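Colleague: Pasting in a structure now, in C-alpha cells, and then I'll have a few things to ask.
Chains as they are written, first to last, in the working numbering: chain Z, 4 to 137; chain X, 4 to 137.
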C-alpha cells in the first residue's frame, strides 16, 4: 500500500566533499551552497524568494543505518547514547535536517547560506520555517 | 549503492483518526499521543527522558506524492504556491516534522504532548532540538 521509497528531488552542490572534515553544525564553518532541483520540480519552487528561512531535508547517503547508539560527537570519553537522543548522522533513517537561509533563487537553483551537507547529498524536501499563516 | 527505502521504526498511537478533521498544527487542538517504537530499537532510545524537546519525523502515508502546488491551507482564495514553499502534507517526499515535548518514557513507548499526526502514522526518526553540546 504505502510506498516508503524516497524520490530525491535534487542534490546539494557544495565545496564540502569529505565527511571526516565537514563541519557538524552550520555555525562551525559551513560554506554557502546551491540546492539544485530537477527541472520537473520547478512548480514546487513557486513562492521561494531571497530572505526566507527554510528547513532542508536531505538523505545522508553515506550514513550507517545499522548504528543504534553512539558516543556523542564521536568523543569516546562521552557515554554511549541512543541515536534518537543525538543528531548523529548514523541512524536507521538518516534524514538530514538543515536550517537554511535563501540568498538567491535562479530557476531551479536555490543559493543558501551556511550548509553543512556534503556535495552531491540528495535533497528530499524543503519546507518553510513555521509561521502562523502558512 | 544508496538505499532510499525508509524503514519505519515505530508508529504513532493517537485518538486522531480522520485527516479531514485533524488539526493542521499542534497548537490547534492536537492531543497528547504515544510514540510506539519496535522493541529492536530500544538501544536507540537510551537517553530520552521526560522534559526533553524533540523533533519527530513521520511518513505521511496518506499524502499525494504527485502534488507540486497547492492553495495554502486548502483555501481556494489563496493563490497557488509550490509545495516547497508550504507545509502542505501532499509533496514528493511526504516527511512530517513535528515538535514534541516528552511527557514520559515507558520502555519503548514515549508519551508526547500535542501531536497533530494521525493514529498509525509511521515513525521514521527522532532527533533532539539542537543545543550546543549535542
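Note that beta-carbon positions come from the ideal geometry of N, C-alpha and C, so glycine has one too.
All values derive from a computational prediction rather than experimental measurement.
Which chain X residues are close to residue 128/Z, counting only those with a beta carbon under 7 angstroms from its beta carbon?
Modeller: Under the 7 angstroms cutoff, chain X gives 94, 96 and 98.
Colleague: Can you say whether residue 4/X is buried or exposed, counting buried as having 16 or more other CB atoms within 10 angstroms of its CB?
Modeller: Unreliable placement is indicated for residue 4/X, whose pLDDT of 45 sits below 50; the coordinate value is still reported in the next sentence. By the 10 Å Cβ count, residue 4/X comes out exposed.
Colleague: For residue 48/Z, name the three-state secondary structure that DSSP assigns.
Modeller: Residue 48/Z: helix per DSSP, three-state reduction.
Colleague: Please name the residue in 35/X, 89/X and 62/X whose C-alpha comes closest to that of residue 17/X.
Modeller: Closest option to residue 17/X, Cα to Cα, is 35/X.
Colleague: Closest to residue 110/Z by CA distance: which of 11/Z, 32/Z and 42/Z is it?
Modeller: For the residues 11/Z, 32/Z and 42/Z, the minimum Cα distance to residue 110/Z belongs to 42/Z.
Colleague: Helix, strand or coil: how does DSSP classify residue 4/Z here?
Modeller: Annotation note: pLDDT 44 at residue 4/Z (below 50); position unreliable, no value reported.
Colleague: Leaving aside the five residues before and after residue 20/Z along the sequence, list all residues of the same chain whose C-beta is less than 7 angstroms from its C-beta, in chain order.
Modeller: Within the same chain, residue 20/Z has close Cβ partners 121 and 122.
Colleague: Could you tell me the boundaries of the beta strand (DSSP E) in which residue 99/Z lies?
Modeller: Segment 98 to 109, the beta strand (DSSP E) holding residue 99/Z.
Colleague: Buried or exposed: which applies to residue 11/Z, given that a residue is buried once 16 or more other Cβ atoms fall within 10 Å of its Cβ?
Modeller: Buried is the call here.
Colleague: Quick check: what's the CA-CA separation for residue 124/Z versus residue 92/X?
Modeller: Cα-Cα distance, rounded: 23 angstroms.
Colleague: Examine chain Z for any beta-carbon lying closer than 8 angstroms to the beta-carbon of residue 89/X, and answer yes or no.
Modeller: Taking Cβ atoms only, chain Z reaches closer than 8 angstroms to residue 89/X, which makes this a yes.
Colleague: Taking only three categories from DSSP, how would you classify residue 77/Z?
Modeller: Three-state result, residue 77/Z: helix.
Colleague: Could you tell me if residue 89/Z is buried or exposed, where buried requires 16 or more neighbouring beta carbons within 10 angstroms of its beta carbon?
Modeller: Answer is buried; the Cβ neighbour count reaches 16.
Colleague: At which residues does the beta strand (DSSP E) containing residue 61/X begin and terminate?
Modeller: Note, residue 61/X: beta strand (DSSP E), 56 to 62.
Colleague: Nearest by alpha-carbon distance to residue 214/X: which of 23/Z, 84/Z and 8/Z is it?
Modeller: Absent from the model: residue 214/X. The displayed extent of chain X is 4 to 137, so no value can be given.
Colleague: Here's a check: name, in chain order, each residue in its chain whose Cβ is nearer than 8 angstroms to the Cβ of residue 31/Z, leaving out the five neighbours to either side.
Modeller: Closer than 8 angstroms at the Cβ level, and outside the excluded window around residue 31/Z, lie 119.
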